[in-house]
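Participant: My structure is below; once you've seen it, I'll send some questions.
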C-alpha cells in the first residue's frame, strides 16, 4: 500500500494536507472553539464542580469540530484506500457515532446531579479528536488485505 501511495504523489500530498489540517484543528482549539471543558479537564477536575457553560454554544462548537475532523478524516480515508464506497460507509459510521455520543454527553451533563467526570472526559475526547480515524484505518486495511 505504501508503494502505491508513493507512486501517486497527488494522493500522498492530499493525505499529508488533511493530516496537517487535523494538527491545526488541535493546535488552535483554544482560539477556534468554545469549550469550557478544555481547561476543566486539564486541571484537577475530580474535586471540582462542572464549569458554567452555554449548552447551545457548546453543542454548536462540538458539532463544528466533529464535522471538521470528520471531513479531514474522510479525505484521508478516501485517498489512502482509494475506495468511494468505504468513504460512504465511513460517513454513515461517523454520523451514527456522533448522534450516539452527543446524546450521551448532553444527557450526562443535564440529567446527572454529579456525572462521572471520567465518562464525560472520554465521550468528549471522541467528539473532539479524530480517534475514529485511528480505529478505522487499521480495520479497513485489514479488511482490504484479507480479501
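Residue numbers (my numbering): 1 to 147. Where a beta carbon is used, it is the ideal one built from N, C-alpha and C, also for glycine. Computed from a predicted structure; not experimentally measured.
Note the first and the last residue of the continuous alpha helix (DSSP H) segment covering residue 50.
Facilitator: Unbroken run through residue 50: none, as it is neither H nor E.
Participant: Does the separation of the CB atoms of residue 123 and residue 105 fall below 7 Å?
Facilitator: Yes, they are a contact pair.
Participant: Considering Cα atoms alone, identify which of 78, 126, 35 and 17 is closest to residue 60.
Facilitator: Checked all of 78, 126, 35 and 17; the closest Cα to residue 60 is 35.
Participant: Hey, quick one: how far does the alpha helix (DSSP H) through residue 33 stretch, first residue to last?
Facilitator: That residue, residue 33, is in no alpha helix (DSSP H); it is neither H nor E in DSSP.
Participant: Given a threshold of 16 other Cβ atoms within 10 Å of its Cβ, counted over all protein chains shown, does residue 90 qualify as buried or as exposed?
Facilitator: Looking at its Cβ environment, which holds 16 or more other Cβ atoms inside 10 Å, residue 90 is buried.
Participant: Tell me whether residue 18 is buried or exposed, calling it buried when 16 or more other Cβ atoms sit within 10 Å of its Cβ.
Facilitator: Its Cβ being crowded by 16 or more others within 10 Å, residue 18 is buried.
Participant: Less than 7 Å between the beta carbons of residue 130 and residue 82, yes or no?
Facilitator: Contact: no.
Participant: Counting C-beta neighbours from all protein chains within 10 Å, is the total for residue 20 16 or more, i.e. buried, or is it exposed?
Facilitator: Counting Cβ neighbours within 10 Å, residue 20 comes out exposed, since fewer than 16 surround it.
Participant: Tell me which residue opens and which closes the alpha helix (DSSP H) that residue 124 is part of.
Facilitator: Its alpha helix (DSSP H) spans residues 117 to 128.
Participant: Relative to the C-alpha of residue 28, which candidate in 119, 144, 65 and 92 has its C-alpha closest?
Facilitator: Minimum Cα distance to residue 28 is reached at 65.
Participant: Determine the DSSP secondary structure at residue 112, reduced to helix, strand or coil.
Facilitator: Correct three-state label for residue 112: coil.
Participant: Tell me the rounded alpha-carbon separation between residue 107 and residue 33.
Facilitator: Straight-line Cα distance between these residues: approximately 21 Å.
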